[in-house]
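Let me begin by presenting the structure, written as structure tokens, before commenting on it.
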Amino acid sequence: MPPIASTVRRTALLITGLVLLTACGGGGSTSDGPARESSADGFPVTLENCGRTVTVDAAPQHAVSLNQGSTEILLSLGLADRLAGTATWTDPVMKGLEKDEAAVPRIAENQPSSEKVLAEEPDFVSASFESTLGKGGVASRDQFEKLGVPTYLSPTDCAGKDNAGSSDGSRTAPLTMDGVYGEVRDLAKVFGVPERGEKLISSLRERIDEATAEVDASDATLLYWFANAEAPYLAGCCGAPGIITEELGAKNVFDDTHEEWPQINWETVADRDPDVLVIGDLTRKSQTAESAKKKIEFLESNPATKNLDAVRHKRYVLLSGQAMNPTIRTVEGVERVAAGLRSFGLAG
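Right, dumping it as structure tokens:
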């Protein structure tokens, strides 16, 4: 640990450098490639990540994860002691990780300032979404990397996805769990624990196999509601809800849109009348109707929704926000929706 005065000077220099670089652009494109390793201990590690080459000379010891999904992967890999901070949470931490999560400083509940991140003197920064490491986000990848801080963006938010349009982007190709597994594998290599990564991936695969065994939901139609009551964010065809729907053989009533989370009016929802409503149960407070309780109160009182078949029969499946995003908790989404379909008699 450097002396306090030295730390203050270094932090000031980093922040000053970031200010001077604010005109630099950032963001990645949509291609990922295999990792290449050299030397006896596996370092340096070089990854092709979202259109750029990232090299990590040594396993990070003081990393910052800027989104909950990325953080939960690192905690699941047993890396709490290597995290200097986390940020941007929508839900309580995944079960089983509570003790590890409590040991990691939370820089901000939502998106932190670049100054707060740099004050932690990170040696590596990871994020789940391009918007976090792009225009309007914490800072661009170029800005961090020109200050000597390697960055990593989840391939689930760039491969087969166009983020140039709406804030949530659109999918040019359906997302699969292979994208999530690729993120696990990449981060495990960066931190020098590849065996832990493979063990975690095997566990996730086994859980999906168990959840989907003998499930045939081909006659069931689903709608996924993430947030907002007035102009609801509902899942399009091909993001994490698409993984859940595909694994169970069901149908998303809005599978005709490739937008990640299009805002669709309730009258259109009523016209499509889904069998089951998959509802995000969020703890954040940035939109209206974040919690499942608030969403259900709205559904059962709003004239456009109270007569939906799913509402009249209370066919609700509650998911964390992280289960509805492309994360390791998408597996939790498969499990819970499968269990819900069984309980409603819609799983074959």
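Numbered by mature numbering (1 follows the signal peptide of the UniProt record, and there is no 0), the letters in the sequence shown go through residues -25 to -1, 1 to 323 in order. C-beta atoms are modelled at their ideal positions from N, C-alpha and C, and glycine is treated no differently. Predicted model only: the values in this text are computed from it and were never measured.
Do residue i and residue j have their C-beta atoms closer together than 8 Å?
i           : j           : result
residue 229 : residue 245 : no
residue 206 : residue 225 : no
residue 123 : residue 34  : no
residue 103 : residue 45  : yes
residue 303 : residue 47  : yes
residue 233 : residue 180 : no
residue 314 : residue 307 : no
residue 192 : residue 52  : no
residue 292 : residue 317 : no
residue 197 : residue 227 : yes
residue 101 : residue 186 : no
residue 257 : residue 266 : yes
residue 92  : residue 113 : yes
residue 65  : residue 86  : no
residue 131 : residue 170 : no
Got a sec, what are the start and stop residues for the alpha helix (DSSP H) residue i sits in?
i           : result
residue 316 : 305 to 318
residue 49  : 43 to 51
residue 103 : Taken as a continuous stretch (DSSP letters only), residue 103 belongs to no alpha helix (DSSP H), as it is neither H nor E.
residue 247 : 241 to 247
residue 223 : 215 to 223
residue 122 : Taken as a continuous stretch (DSSP letters only), residue 122 belongs to no alpha helix (DSSP H), as it is neither H nor E.
What number of angstroms, rounded off, separates the C-alpha of residue i from the C-alpha of residue j?
i           : j           : result
residue 89  : residue 290 : 43 Å
residue -6  : residue 118 : The pLDDT assigned to residue -6 is 40, lower than 50, so where the model puts this residue is not dependable, and the model offers no usable value.
residue 82  : residue 322 : 42 Å
residue 75  : residue 50  : 7 Å
residue 36  : residue 69  : 23 Å
residue 139 : residue 301 : 19 Å
residue 305 : residue 278 : 32 Å
residue 286 : residue 25  : 41 Å
residue 127 : residue 152 : 18 Å
residue 280 : residue 199 : 14 Å
residue 116 : residue 284 : 46 Å
residue 61  : residue 190 : 37 Å
residue 320 : residue 144 : 35 Å
residue 309 : residue 110 : 33 Å
residue 250 : residue 235 : 21 Å
residue 217 : residue 149 : 7 Å
residue 135 : residue 28  : 18 Å
Among the options, which one has its Cα closest to the Cα of residue i?
i           : options          : result
residue 58  : 189, 97, 153, 20 : 97
residue 173 : 184, 183, 160    : 160
residue 56  : 40, 309, 284     : 40
residue 204 : 270, 109, 222    : 270
residue 99  : 188, 208, 30     : 30
residue 263 : 214, 248, 201    : 201
residue 260 : 184, 63, 16      : 63
I need the boundaries of the beta strand (DSSP E) containing residue i, first residue and last residue.
i          : result
residue 60 : 58 to 62
residue 83 : 81 to 83
Go through the region 130 to 205 residue by residue and report every complete run of the beta strand (DSSP E) that reaches 3 residues or more, in order.
Here the runs fully enclosed are 196 to 202.
Along the chain, which unbroken stretches of the beta strand (DSSP E) at least 3 residues long are found entirely within the region 244 to 300?
Correct list: 251 to 255, 291 to 294.
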